[in-house]
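A.B. asks: For the protein sequence lines, the chains are H and A, in the order given.
Take the first sequence: its letter number 49 is residue 49 in the UniProt record's numbering, and every next letter is one higher.
Take the second sequence: its letter number 22 is residue 22 in the UniProt record's numbering, and every next letter is one higher.
Ideal placement from N, C-alpha and C gives every residue a C-beta, glycine not left out.
Protein chains: 2
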Amino acid sequence: MAEEEVVLEEEMYNKEALDELLLSGDIDQFREEFLELHTYDQGEYFTESSDEYRDKIYHYLSPKEVAEFMETTEMEDDEYDHIFEEMDARYASSMFEEMSLDNAVDILKMLPKTKIASLLLLMDKETAGEIKALLHYEEDTAGGLMTTEFISVSSLSTVREAMIQLKEQAPQAETIYYIFVLNEKKQLVGVISLRDLIVAENDEYIEDIMNERVISVNVADDQEDVANIMKDYDFLAIPVVDYQNHLLGIITIDDILDVIDEEASEDYSKLAGVSDIDSTDDSMFATARKRLPWLMALTVMGMITASILGQFEDTLSKVALLAAFIPLIGGMAGNSGTQSLAVVVRGISTGEIDEQSKFKLALREAGSGFITGLSCSVMLFIIICVLYKTPVLGLIVCFSLTIAMTVATLAGAMVPLVMHRLKIDPAVASGPFISTTNDIISMLIYFGLATTFMSYLT
Amino acid sequence: MAEEEVVLEEEMYNKEALDELLLSGDIDQFREEFLELHTYDQGEYFTESSDEYRDKIYHYLSPKEVAEFMETTEMEDDEYDHIFEEMDARYASSMFEEMSLDNAVDILKMLPKTKIASLLLLMDKETAGEIKALLHYEEDTAGGLMTTEFISVSSLSTVREAMIQLKEQAPQAETIYYIFVLNEKKQLVGVISLRDLIVAENDEYIEDIMNERVISVNVADDQEDVANIMKDYDFLAIPVVDYQNHLLGIITIDDILDVIDEEASEDYSKLAGVSDIDSTDDSMFATARKRLPWLMALTVMGMITASILGQFEDTLSKVALLAAFIPLIGGMAGNSGTQSLAVVVRGISTGEIDEQSKFKLALREAGSGFITGLSCSVMLFIIICVLYKTPVLGLIVCFSLTIAMTVATLAGAMVPLVMHRLKIDPAVASGPFISTTNDIISMLIYFGLATTFMSYLT
Numbered sequence: 001m002a003e004e005e006v007v008l009e010e011e012m013y014n015k016e017a018l019d020e021l022l023l024s025g026d027i028d029q030f031r032e033e034f035l036e037l038h039t040y041d042q043g044e045y046f047t048e049s050s051d052e053y054r055d056k057i058y059h060y061l062s063p064k065e066v067a068e069f070m071e072t073t074e075m076e077d078d079e080y081d082h083i084f085e086e087m088d089a090r091y092a093s094s095m096f097e098e099m100s101l102d103n104a105v106d107i108l109k110m111l112p113k114t115k116i117a118s119l120l121l122l123m124d125k126e127t128a129g130e131i132k133a134l135l136h137y138e139e140d141t142a143g144g145l146m147t148t149e150f151i152s153v154s155s156l157s158t159v160r161e162a163m164i165q166l167k168e169q170a171p172q173a174e175t176i177y178y179i180f181v182l183n184e185k186k187q188l189v190g191v192i193s194l195r196d197l198i199v200a201e202n203d204e205y206i207e208d209i210m211n212e213r214v215i216s217v218n219v220a221d222d223q224e225d226v227a228n229i230m231k232d233y234d235f236l237a238i239p240v241v242d243y244q245n246h247l248l249g250i251i252t253i254d255d256i257l258d259v260i261d262e263e264a265s266e267d268y269s270k271l272a273g274v275s276d277i278d279s280t281d282d283s284m285f286a287t288a289r290k291r292l293p294w295l296m297a298l299t300v301m302g303m304i305t306a307s308i309l310g311q312f313e314d315t316l317s318k319v320a321l322l323a324a325f326i327p328l329i330g331g332m333a334g335n336s337g338t339q340s341l342a343v344v345v346r347g348i349s350t351g352e353i354d355e356q357s358k359f360k361l362a363l364r365e366a367g368s369g370f371i372t373g374l375s376c377s378v379m380l381f382i383i384i385c386v387l388y389k390t391p392v393l394g395l396i397v398c399f400s401l402t403i404a405m406t407v408a409t410l411a412g413a414m415v416p417l418v419m420h421r422l423k424i425d426p427a428v429a430s431g432p433f434i435s436t437t438n439d440i441i442s443m444l445i446y447f448g449l450a451t452t453f454m455s456y457l458t
Numbered sequence: 001m002a003e004e005e006v007v008l009e010e011e012m013y014n015k016e017a018l019d020e021l022l023l024s025g026d027i028d029q030f031r032e033e034f035l036e037l038h039t040y041d042q043g044e045y046f047t048e049s050s051d052e053y054r055d056k057i058y059h060y061l062s063p064k065e066v067a068e069f070m071e072t073t074e075m076e077d078d079e080y081d082h083i084f085e086e087m088d089a090r091y092a093s094s095m096f097e098e099m100s101l102d103n104a105v106d107i108l109k110m111l112p113k114t115k116i117a118s119l120l121l122l123m124d125k126e127t128a129g130e131i132k133a134l135l136h137y138e139e140d141t142a143g144g145l146m147t148t149e150f151i152s153v154s155s156l157s158t159v160r161e162a163m164i165q166l167k168e169q170a171p172q173a174e175t176i177y178y179i180f181v182l183n184e185k186k187q188l189v190g191v192i193s194l195r196d197l198i199v200a201e202n203d204e205y206i207e208d209i210m211n212e213r214v215i216s217v218n219v220a221d222d223q224e225d226v227a228n229i230m231k232d233y234d235f236l237a238i239p240v241v242d243y244q245n246h247l248l249g250i251i252t253i254d255d256i257l258d259v260i261d262e263e264a265s266e267d268y269s270k271l272a273g274v275s276d277i278d279s280t281d282d283s284m285f286a287t288a289r290k291r292l293p294w295l296m297a298l299t300v301m302g303m304i305t306a307s308i309l310g311q312f313e314d315t316l317s318k319v320a321l322l323a324a325f326i327p328l329i330g331g332m333a334g335n336s337g338t339q340s341l342a343v344v345v346r347g348i349s350t351g352e353i354d355e356q357s358k359f360k361l362a363l364r365e366a367g368s369g370f371i372t373g374l375s376c377s378v379m380l381f382i383i384i385c386v387l388y389k390t391p392v393l394g395l396i397v398c399f400s401l402t403i404a405m406t407v408a409t410l411a412g413a414m415v416p417l418v419m420h421r422l423k424i425d426p427a428v429a430s431g432p433f434i435s436t437t438n439d440i441i442s443m444l445i446y447f448g449l450a451t452t453f454m455s456y457l458t
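(1) Taking the beta carbon of residue 285 of chain H as the centre, do at least 16 other beta carbons fall within 10 Å, making it buried, or is it exposed?
(2) Among all the DSSP beta bridges, which residues are the ones paired with residue 402 of chain A?
(3) For residue 192 of chain A and residue 235 of chain A, I'd like the C-alpha separation in whole angstroms.
(4) If you pair each beta-carbon of the region 335-347 of chain H with each one of the region 362-380 of chain H, do three or more pairs fall below 8 Å?
(5) Please list the residues of the region 144-176 of chain A that have a C-beta atom closer than 7 Å to any C-beta atom in chain H, keeping them in chain order.
(6) Distance, Cα to Cα, residue 160 of chain A vs residue 196 of chain H?
(7) Could you check whether the Cβ of residue 6 of chain A sits closer than 7 Å to any Cβ belonging to chain H?
(8) Between residue 199 of chain H and residue 166 of chain A, what straight-line distance do the alpha-carbon atoms span, to the nearest angstrom?
(9) Just list the residues that DSSP pairs residue 187 of chain A with in beta bridges.
(10) Taking the CB atoms as reference points, tell me whether residue 188 of chain H and residue 247 of chain H lie closer together than 7 Å.
(11) So, for residue 255 of chain A: in the same chain, excluding its five sequence neighbours on each side, which residues have a beta-carbon less than 6 Å away from its beta-carbon?
(12) Hey, which unbroken runs of the beta strand (DSSP E) at 3 residues or more fall wholly within the region 135-196 of chain A?
(13) Could you have a look at residue 9 of chain H and say whether DSSP puts it in helix, strand or coil?
(14) Which chain H residues are close to residue 376 of chain A, counting only those with a beta carbon under 7 Å from its beta carbon?
(15) Return the residue from the list A/40, A/410 and A/201 that minimises the CA-CA distance to residue 233 of chain H.
(16) Give the range of the beta strand (DSSP E) segment to which residue 238 of chain A is assigned.
(17) Tell me whether residue 3 of chain A is buried or exposed, calling it buried when 16 or more other Cβ atoms sit within 10 Å of its Cβ.
(18) Please compile the residues from chain H whose C-beta is within a distance smaller than 7 Å of the C-beta of residue 36 of chain A.
(19) Between which two residues does the alpha helix (DSSP H) holding residue 317 of chain A run?
(20) Could you tell me which of A/80, A/81 and A/302 sits nearest to residue 380 of chain H, measuring between CA atoms?
(21) Which stretch, first to last residue, makes up the alpha helix (DSSP H) that contains residue 335 of chain H?
(22) Look up residue 202 of chain A in the DSSP assignment and say whether it is helix, strand or coil.
(23) Can you tell which of A/238, A/220, A/194 and A/202 has its C-alpha closest to the C-alpha of residue 213 of chain A?
(24) Tell me the rounded alpha-carbon separation between residue 468 of chain H and residue 157 of chain H.
(25) Use the C-beta contact count for residue 436 of chain H: other C-beta atoms within 10 angstroms, 16 or more gives buried, fewer gives exposed.
(26) Suppose you measure from the CA of residue 460 of chain A to the CA of residue 64 of chain A; what does that come to, to the nearest Å?
(27) Spell out the partners DSSP gives residue 222 of chain A in its beta bridges.
(28) Can you tell me whether residue 455 of chain A is buried or exposed? The criterion is at least 16 other CB atoms within 10 Å of its CB, across all chains shown.
(29) Return the residue from the list A/332, A/346, A/89 and A/375 that minimises the CA-CA distance to residue 361 of chain A.
(30) Do residue 101 of chain A and residue 139 of chain A have their C-beta atoms within less than 7 Å of each other?
(31) Below 9 Å between beta carbons is the criterion; list the residues of the region 253-270 of chain A that meet it against any residue of chain H, in chain order.
(32) Once DSSP output is grouped into helix, strand and coil, what is the label at residue 72 of chain A?
(33) Going by C-alpha distance, which of A/207, A/153, A/201 and A/176 is nearest residue 194 of chain A?
(34) Taking CB distances under 7 Å as the criterion, tell me whether residue 335 of chain H reaches chain A.
(35) Suppose contacts are defined by Cβ-Cβ distances below 7 Å. Is residue 439 of chain A in contact with residue 327 of chain H by that definition?
(36) Where do the ends of the alpha helix (DSSP H) carrying residue 112 of chain A lie?
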């Protein structure tokens, strides 16, 4: 174990050695060491280097070599800004020309509009045109994910002809493992895997061996739907078509991995009420600044709860022990509400929840809220009777708890369902929001009941 | 849009038509329709069918045909139990023989031990042996994910020889897109992609064109680590080796997609305090039963908060308005604690947090808790002064809020970090647990302060 662990946890390259080669100006040695690394590690080294070192890197490597690691390296928006301000514009535009189109577009989208325009001007016309076309698609759609560098053959060609075309197109193609089959109108009519092509006889016609049941996505489809399809069908790439079934591009599995990760992080962030969960290297102040708007809004909501409770000052001053159960009732409503919120939000993301089952699901959540609320209440009633010997208080607390948990689970399920229905992104229905709303509801129930049955308490 | 949407949201097959063909006994027509479907859709049809229909499916299809969709279909453990009780054991064992080894093992692992043993007895010795070997690996490790059906060539062969071997091994291989290169001791020394092989000259030696910097994982590595590596490096498959670098198997991207999904769901479930988030089709009672243990534990914890508050009955009965701010202070401590818990848990999962940055991270969280706490408190103090004209109460509430939020963020970050350090799964550090713990801490701070400064309040 030990040996392998070390390899995984430590860096796969020697930063100091590379730094030294850069400084000493030993171009050949630096190139040899650096280019032997996997592009991911090259990117890691690059992002960890200072401007001064990066400037040397541009001198030591060709735009093509920089492009290779740049397209697999993930950085923050402002880091890209900074890098492309430093980098010579001509060097940068040749670098973009060397990238996969989809990756070039992803990076360009993070730069200021004027910068994009000036870089496009310096590129060769064909690439600039293709990039411009891709820049139009919205980021979270199939169009925003796809690349136009796919391999396609005519349905009327033979296996031999297809193999020749494949070898020609391979160097530019994003994947060579699926070959898409087009009719004379350039419409997608089939797909054939490289595997099938390799085991087929040379004289067979593509038409006869292709898979006609090709599953495609529309260019306007949401990236989350695309990810779910690719996951279900275990595709390595999926074709993207327009409304007339013309093949526009393909989306490959590596981009989908990022989407799945991104969407999971998004759901997770919402539940926690954090806007940007994956930035563990922000400073204390940056972190505080990001979380503050949310927390201030929640403070104001908390003030609403406080005002409501303030109305019950009379009740509270008569039976002070009532206050002792405020955190319990509010907390349990919050907990069960968050549980049902989480199940529903996740169900919507993974596409498990469809139109028909929505009503049933809300009902199930409310039902399970009632059952768990009742069970917890029975247990709590016994504890309160034993500890405080106040069965009337116990009844009020437990009755409130049951109702609060039922309402909270129903609210937890309904809010994202209704938002999804109204095509609103359920971002507002985050965990803290639901918890605080449930605080308000549960306090109204609790003190409403307590005030009504006041005479039995005192 | 409309047309494509329909295809995506509706089923890709006609269940009624297939049902009818099954019932009418039209074997040829059924086979034609069914086998034209993608295996994912075949599996969907199969899982939605009743026992009676499934029995017919076994008669109409060969074990190989059933194997093809069975290995890509995900079902619950008890569904597998049920299916393999119904299915003829000989049919079942031939079916497992036809599957990819890793998928066969995944399904077999869900069956009772005696059933596995009896099925293995019916299989051919070679397959049974390979399956037995794979059954030994723990589920969440690289060994548990890998398949032994990979393509390997000797480093001394030529491209031509390699292509011949590839064609031979292709039908059984899980992926043909990476060919692993072994030395005479069967140790992994390189990798070459099919793409590189196709563009290489026939007479070149594999040794000369292979990539020697092959990145592998150890058979005992955690599946989450494997997933992070594959995501970072954009691999379609990664080799799995033992401690002497012998190639044992490969893990393909489709299995990793499931792991990423599974791990994200796991983190998400923990944050929400739900054990099994992806089961939206459970009944009301099943849902309640799953959530009840958690909720009961939290009720007991809530009872601890209530007892602590009970100790402050005197303070409460003197200044009833103090109770009004209980939900606010407890809730905000819960919210900010959950935020920092979420960031840290996610950071651990994605491997972004390493040993060195842990202390810095805890410090950052506490600092950002203090800054946000102070900011919210200043705002809250103004509101309280305006609404209630009680600056002393305002000071106590706001002072408590600042401390509570600082402690809560620190606790939210420390709990998972310490657990990770102690190699305990941070499952106990779920969102509701942290919220309830923070409730207790914040109430102690709030009422401790209020009691101390009682004289200024009344």
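C.D. replies: Taking the structure as given:
(1) On the first sequence, residue 285 of chain H is found 285 positions in, with the first residue counted as 1. Counting Cβ neighbours within 10 Å, residue 285 of chain H comes out exposed, since fewer than 16 surround it.
(2) Counting from one through the second sequence, the residue named residue 402 of chain A turns up at place 402. DSSP, once it has assigned bridges, lists no residue as partnering residue 402 of chain A.
(3) Counting from 1 along the second sequence, the entry for residue 192 of chain A is found at position 192. Counting from 1 along the second sequence, the entry for residue 235 of chain A is found at position 235. Those two C-alpha atoms are separated by around 12 Å.
(4) yes
(5) 167, 170 and 176
(6) Counted from its first residue, the second sequence places residue 160 of chain A at position 160. Counted from its first residue, the first sequence places residue 196 of chain H at position 196. Between residue 160 of chain A and residue 196 of chain H, the C-alpha separation is close to 19 Å.
(7) Residue mapping note: residue 6 of chain A aligns to position 6 of the second sequence, counting from 1. The pLDDT assigned to residue 6 of chain A is 32, lower than 50, so where the model puts this residue is not dependable; a value taken from the coordinates is nonetheless given after this. Chain H contact via Cβ: absent.
(8) In the first sequence, the residue the question calls residue 199 of chain H occupies position 199. In the second sequence, the residue the question calls residue 166 of chain A occupies position 166. Between residue 199 of chain H and residue 166 of chain A, the C-alpha separation is close to 10 Å.
(9) Numbered from its first residue, the second sequence carries residue 187 of chain A at position 187. Answer is A/246.
(10) Within the first sequence, residue 188 of chain H is the residue found at index 188, counting from 1. Within the first sequence, residue 247 of chain H is the residue found at index 247, counting from 1. In contact: residue 188 of chain H and residue 247 of chain H (Cβ atoms closer than 7 Å).
(11) Locating residue 255 of chain A in the second sequence gives position 255, where the first residue counts as 1. Within the same chain, residue 255 of chain A has close Cβ partners 145.
(12) 152-154, 178-182 and 188-193
(13) The residue given as residue 9 of chain H occupies position 9 in the first sequence. Confidence at residue 9 of chain H is low in this model, with a pLDDT of 36, below 50, so its placement is unreliable and the value that follows should be read with caution. Residue 9 of chain H: helix per DSSP, three-state reduction.
(14) As a position in the second sequence, residue 376 of chain A is number 376, starting the count at 1. Residues of chain H passing the Cβ test: 295, 296 and 299.
(15) Residue 233 of chain H sits at position 233 when you count from the first residue of the first sequence. Per the Cα distances, A/40.
(16) Here residue 238 of chain A refers to the residue found at position 238 of the second sequence. Counting along the chain, the beta strand (DSSP E) containing residue 238 of chain A begins and ends at 237-241.
(17) The sequence position of residue 3 of chain A within the second sequence is 3, counting from 1. Summary for residue 3 of chain A: the model assigns pLDDT 31, below 50, so the residue's position carries little reliability; its value from the coordinates is reported in the next sentence. Exposed, by the Cβ-count rule.
(18) By 1-based counting over the second sequence, the position of residue 36 of chain A is 36. Chain H residues near residue 36 of chain A: 213.
(19) Reading the second sequence from its first residue, position 317 is the one you call residue 317 of chain A. Start and end: 313-318.
(20) Within the first sequence, residue 380 of chain H is the residue found at index 380, counting from 1. Cα-wise, what sits closest to residue 380 of chain H is A/302.
(21) Walking along the first sequence from the start, residue 335 of chain H turns up at place 335. Residue 335 of chain H -> alpha helix (DSSP H) spans 326-349.
(22) For the purposes of this step, residue 202 of chain A is taken as residue 202 along the second sequence, with counting starting at 1. Residue 202 of chain A: coil per DSSP, three-state reduction.
(23) Locating residue 213 of chain A in the second sequence gives position 213, where the first residue counts as 1. Selected option, being the one with the closest Cα: A/238.
(24) Since the first and last residues shown for chain H are 1 and 458, residue 468 of chain H lies out of range.
(25) Here the question's residue 436 of chain H lines up with position 436 in the first sequence. Classification of residue 436 of chain H: buried, given that the 10 Å Cβ count is 16 or more.
(26) Nothing in the structure corresponds to residue 460 of chain A, since chain A is present only between 1 and 458.
(27) Translated into positions along the second sequence, residue 222 of chain A becomes position 222. DSSP output for residue 222 of chain A lists A/141 as bridge partner(s).
(28) The residue labelled residue 455 of chain A in the question sits at position 455 within the second sequence. When all chains shown are included, residue 455 of chain A counts as exposed.
(29) Position 361 of the second sequence holds residue 361 of chain A. That would be A/346, whose Cα lies nearest to the Cα of residue 361 of chain A.
(30) Here residue 101 of chain A is taken as the residue at index 101 of the second sequence, counted from 1. Here residue 139 of chain A is taken as the residue at index 139 of the second sequence, counted from 1. Going by C-beta atoms, residue 101 of chain A is not nearer than 7 Å to residue 139 of chain A.
(31) 253, 254, 256, 257, 258, 260, 261, 263, 264, 265, 267, 268 and 269
(32) Against the second sequence, residue 72 of chain A aligns to sequence position 72. Looking at residue 72 of chain A - three-state DSSP - the assignment turns out to be coil, as it is neither helix nor strand.
(33) On the second sequence, residue 194 of chain A is found 194 positions in, with the first residue counted as 1. Selected option, being the one with the closest Cα: A/176.
(34) Position 335 of the first sequence, counting from 1, holds the residue named residue 335 of chain H. Answer yes: the Cβ-Cβ gap between residue 335 of chain H and chain A drops below 7 Å somewhere.
(35) Position 439 of the second sequence, counted from the first residue, corresponds to residue 439 of chain A. Position 327 of the first sequence, counted from the first residue, corresponds to residue 327 of chain H. Their beta carbons are under 7 Å apart, which means residue 439 of chain A touches residue 327 of chain H by this criterion.
(36) Position 112 of the second sequence, counted from the first residue, corresponds to residue 112 of chain A. Looking at the DSSP string, residue 112 of chain A is not in any alpha helix (DSSP H), and its letter there is neither H nor E.
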